[in-house]
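The sequence shown lines up with residues 39 to 469 when you count with the numbering used here.
Glycine is no exception: its CB is placed at the ideal position from the N, C-alpha and C atoms.
Data first, discussion second: the structure below is written as structure tokens.
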Amino acid sequence: MAAAGGAVGLGNIWRFPTETAENGGAAFLFVYVICCFLIGLPVMVAELSLGRATQRNAVGAFNALSKNPIYQAVGFWGVICGSMILSFYVVIAGWSFSNVFVEIFDYVGMTGPATTLVDTSNGVVNILFAALFMVATIFIVRGGVSEGIERATKTMMPLLLVMLLVLIGLTLPMEGAADGVKAYLQPDFSQIDRELILYALGQSFFSLSLGLGALITYGSYLSKSDNVVQSAAIVTLSDVSIAFIAGLLIIPAIYVAQAQGIQVFDDAGSLIAGPALIFNILPVVFDNIGGIFGLGLAVTFFLLLSVAALTSTISLLEVSVSYVIDEFNVARNTATWLMGGVIGTIAIWVSFDLGMIDILDTVFSAYGLPIGGLLISLFVGWVWKTPAAMEELKHGFPSFENSFFQKVWPLFIRFICPILIFLILLDLVTG
Ligand code: PHE
39 MAAAGGAVGL GNIWRFPTET AENGGAAFLF VYVICCFLIG LPVMVAELSL GRATQRNAVG
99 AFNALSKNPI YQAVGFWGVI CGSMILSFYV VIAGWSFSNV FVEIFDYVGM TGPATTLVDT
159 SNGVVNILFA ALFMVATIFI VRGGVSEGIE RATKTMMPLL LVMLLVLIGL TLPMEGAADG
219 VKAYLQPDFS QIDRELILYA LGQSFFSLSL GLGALITYGS YLSKSDNVVQ SAAIVTLSDV
279 SIAFIAGLLI IPAIYVAQAQ GIQVFDDAGS LIAGPALIFN ILPVVFDNIG GIFGLGLAVT
339 FFLLLSVAAL TSTISLLEVS VSYVIDEFNV ARNTATWLMG GVIGTIAIWV SFDLGMIDIL
399 DTVFSAYGLP IGGLLISLFV GWVWKTPAAM EELKHGFPSF ENSFFQKVWP LFIRFICPIL
459 IFLILLDLVT G
């Protein structure tokens, strides 16, 4: 449950719909789902089993299984990616939370403060809310990944789902929404090109929290009676479903906003996306609903989104904190403030220069995470070796012998996943 909570976050509700809208709608969705199940799921099983077998964190796991220090680089790469992703993730998480106040101020007629907060180019406001998020994350990580997160996740995830469904029901009848549904669900396969595949792969790793060892840590909290394969399948399925449902709200909402005169497409017909897209178009939907009901929905939605983001910032920070604890033998408290401080400092820069979001996101999510996934697959497949990994997977999975999974997983983790990732990164699929 904690892993599912860590997986569901801005990746589903902010990043997935934006990437889909930017990269050809339904065709992107199609490739994305294939990436999640064909590449993401086997890698997730690898990460979780690494964690449970070694009972260590993202870096310690590699040390525990091989004396060769070169493999620590895999863990270290995860630390870099996790830290850089977190540095812009907190800024966007800050926008989710500030929107709660924008909606309230708007409703009570305090247009001044509302206008200040809604302006995502205001660096000072960005820092304020990002810092709030960072400090909240630090306080939770300081205490270790706790039951509290699991409890929050258990109530939050179903609520978020219900919220999304209610909002979809209210948005689809609005003018323009039908065009969005068409763009989202009617694939034009001629749109599949190098960029689309690369970004779909990156999106699958980002949304499933893969490639940086975040799930190694969660794996170490699983007990021997838990079925790792089944857990991975549940996390993947729930994460993909929530992303799909979020798309069904956001993509039509883009077209609703357009129908109301908000410029979302440029003259050439391409989306003027930018990282703040969903925060520009969702308020239009809430406005259309209107009244105290519209306000209630807006406030609940942005609060839930903030909590979903918080469970993700926790797992992102935990990667680097456990690295520092492990490697430099510092106390958890010190390590948390140290890494939180370093990442928070980068976030200050991002807050003032929003162009950094796109750059960091492309380098460390679209490329960085699949590279991490490639290295993890190679490590599990060829260094730890699949027979040893499968010994681990048998715990909690009584019918493992002769199962379909037993037959195909080694093939995926040794050959199919690394080769596919490699080909996609080097642009050898579409030529
Ligand atoms: N999966 C999270 C999301 O969708 C982001 C994340 C990535 C969290 C990697 C942890 C590790 O928002």
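Looking only at C-alpha atoms, which of the options sits nearest to residue i?
i: residue 142; options: 362, 336, 380, 377; result: 336
i: residue 361; options: 68, 99, 57; result: 99
i: residue 181; options: 147, 355, 330; result: 355
i: residue 177; options: 373, 454, 86; result: 373
i: residue 105; options: 160, 458, 465, 422; result: 422
i: residue 420; options: 394, 403, 406, 450; result: 450
i: residue 83; options: 266, 359, 168; result: 266
i: residue 386; options: 51, 85, 132, 97; result: 132
i: residue 236; options: 413, 72, 418; result: 72
i: residue 172; options: 436, 201, 130; result: 130
i: residue 204; options: 65, 57, 283, 383; result: 283
i: residue 230; options: 61, 410, 455; result: 61
i: residue 430; options: 79, 86, 66, 179; result: 86
i: residue 457; options: 50, 81, 90; result: 81
i: residue 312; options: 158, 408, 242, 332; result: 158
i: residue 254; options: 427, 416, 89; result: 89
i: residue 78; options: 246, 153, 194; result: 246
i: residue 482; options: 122, 128, 278; result: Here the chain comprises residues numbered 39 to 469, so residue 482 is not present and cannot be evaluated.
i: residue 164; options: 264, 326, 134, 189; result: 134
i: residue 280; options: 202, 357, 437; result: 202
i: residue 396; options: 68, 122, 294, 63; result: 122
i: residue 334; options: 97, 366, 264, 140; result: 140
i: residue 411; options: 249, 107, 211, 97; result: 249
Is it buried or exposed, residue i, if we count other Cβ atoms within 10 angstroms and call 16 or more buried?
i: residue 391; result: exposed
i: residue 53; result: buried
i: residue 315; result: buried
i: residue 111; result: exposed
i: residue 299; result: exposed
i: residue 323; result: buried
i: residue 453; result: exposed
i: residue 147; result: exposed
i: residue 209; result: buried
i: residue 57; result: buried
i: residue 407; result: buried
i: residue 331; result: exposed
i: residue 357; result: buried
i: residue 296; result: buried
i: residue 47; result: buried
i: residue 274; result: buried
Give the straight-line distance between the Cα atoms of residue i and residue j, rounded to the nearest whole angstrom.
i: residue 344; j: residue 439; result: 42 Å
i: residue 339; j: residue 276; result: 19 Å
i: residue 170; j: residue 424; result: 43 Å
i: residue 304; j: residue 398; result: 25 Å
i: residue 114; j: residue 308; result: 38 Å
i: residue 217; j: residue 226; result: 14 Å
i: residue 168; j: residue 444; result: 44 Å
i: residue 418; j: residue 109; result: 11 Å
i: residue 138; j: residue 45; result: 23 Å
i: residue 219; j: residue 286; result: 7 Å
i: residue 405; j: residue 463; result: 7 Å
i: residue 161; j: residue 389; result: 5 Å
i: residue 393; j: residue 400; result: 11 Å
i: residue 290; j: residue 384; result: 34 Å
i: residue 102; j: residue 95; result: 10 Å
i: residue 117; j: residue 414; result: 13 Å
i: residue 155; j: residue 136; result: 7 Å
i: residue 151; j: residue 145; result: 12 Å
i: residue 364; j: residue 258; result: 14 Å
i: residue 409; j: residue 198; result: 31 Å
i: residue 321; j: residue 347; result: 19 Å
i: residue 252; j: residue 351; result: 11 Å
i: residue 329; j: residue 368; result: 52 Å
i: residue 242; j: residue 70; result: 6 Å
i: residue 382; j: residue 125; result: 6 Å
i: residue 59; j: residue 91; result: 40 Å
i: residue 435; j: residue 174; result: 37 Å
i: residue 403; j: residue 75; result: 18 Å
i: residue 207; j: residue 128; result: 30 Å
i: residue 377; j: residue 244; result: 21 Å
i: residue 442; j: residue 319; result: 45 Å
i: residue 194; j: residue 426; result: 37 Å
i: residue 63; j: residue 224; result: 8 Å
Got a sec: does the ligand ATP put a non-hydrogen atom nearer than 6 Å to the Cβ of residue i?
i: residue 253; result: Absence of the ligand ATP from the depicted structure is noted, with the ligand PHE being the only ligands included.
Which residues end up in the neighbourhood of the ligand PHE when you take C-beta atoms closer than 5 Å to any of its heavy atoms?
45, 47, 48, 49, 245, 247, 252, 350, 353, 354
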